[in-house]
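The opening position of the sequence shown corresponds to residue 223 in the working numbering, with each subsequent residue numbered one higher. We treat Cβ as the ideally placed atom computed from N, Cα and C, and that holds for glycine. Okay, so here's the structure we're looking at.
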Amino acid sequence: MTFFKDYQLAELLPHSGQMIWLDRVVDFDQSGLSAELVVRDDGLLGHHASVPASIGIEYMAQAIAAYSGIKDKLAGQPIRPGYLLGTRRYNSNVGEFAVNTRLTVRVEKIAQDEQLGIFDCRILGENIEITARLNVYNPISPIIVIDE
Numbered sequence: 223m224t225f226f227k228d229y230q231l232a233e234l235l236p237h238s239g240q241m242i243w244l245d246r247v248v249d250f251d252q253s254g255l256s257a258e259l260v261v262r263d264d265g266l267l268g269h270h271a272s273v274p275a276s277i278g279i280e281y282m283a284q285a286i287a288a289y290s291g292i293k294d295k296l297a298g299q300p301i302r303p304g305y306l307l308g309t310r311r312y313n314s315n316v317g318e319f320a321v322n323t324r325l326t327v328r329v330e331k332i333a334q335d336e337q338l339g340i341f342d343c344r345i346l347g348e349n350i351e352i353t354a355r356l357n358v359y360n361p362i363s364p365i366i367v368i369d370e
């Protein structure tokens, strides 16, 4: 099943422009997703030669969002925004990612219902291994903020 390769990440994520940090989805199944990216320094979080490894949490969260986006597309539903509730067991063997480093992000569903999910996540690269467990919230209906 390679249909997911027909989607651009902007179609799967509730992000746009420079806020999309993944480059492509390379694998998807009902239990998870793998994505790739090349670390970039676009002035948002970089130090011209590197970005903090803690940004890996956002890479993981975007991979979960892409997983959810594909599932929404398969169900004929619009893409729903998601929210990172927390990160547990974040372990990294590096403090930063060098710009232009190629990384693979893998997210595996541990538990998920209509709105809440728990995912085991991993980032791999040359001499890089990061693991974490992310808890996410994906509301059925968008949250509406009313200005007073």
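Let me confirm a value: isoleucine 362 is counted as buried when at least 16 other C-beta atoms fall within 10 Å, else exposed. Which label applies? Exposed, by the Cβ-count rule.
> Does the beta-carbon distance from valine 358 to leucine 296 come in below 8 angstroms?
Replying inline: Against a cut-off of 8 angstroms, the Cβ pair of leucine 296 and valine 358 comes out as no contact.
**Asked** Under the DSSP definition of a beta bridge, which residues are partnered with glutamine 334?
**Response** According to DSSP, glutamine 334 bridges with Gly339.
Review point. Over what stretch of residues does the alpha helix (DSSP H) that includes serine 290 continue unbroken?
Key: Here the alpha helix (DSSP H) through serine 290 covers 278-296.
Quick one, which of Ile301, Ile345 and Asp249 has its alpha-carbon nearest glutamate 318's? Minimum Cα distance to glutamate 318 is reached at Ile345.
Q) Of all Cβ atoms in chain D, is any one closer than 8 angstroms to the Cβ of leucine 259? A) Any reference to chain D falls outside this structure, which holds one protein chain only.
*asked:* One question on the structure: do glutamine 240 and aspartate 264 come within less than 8 angstroms of each other, judged by their Cβ atoms?
replied: Yes, the pair counts as a contact, with Cβ atoms nearer than the cut-off.
field: Cutoff 6 angstroms; reference leucine 244; Cβ partners in own chain excluding five residues on either side
entry: The answer, listed in chain order, is Leu231, Ala257, Leu259 and Gln284.
Closest by CA to isoleucine 332, which one among Arg355, Tyr289 and Asp251? Checked all of Arg355, Tyr289 and Asp251; the closest Cα to isoleucine 332 is Arg355.
What are the boundary residues of the alpha helix (DSSP H) that alanine 170 is part of?
-> Examination of residue 170 is not possible in this model, given that the chain is present from 223 through 370 alone.
Q: Alpha carbon to alpha carbon, how far is alanine 288 from leucine 255? Give it in angstroms, no decimals.
A: Leucine 255 and alanine 288: Cα-Cα distance of roughly 8 angstroms.
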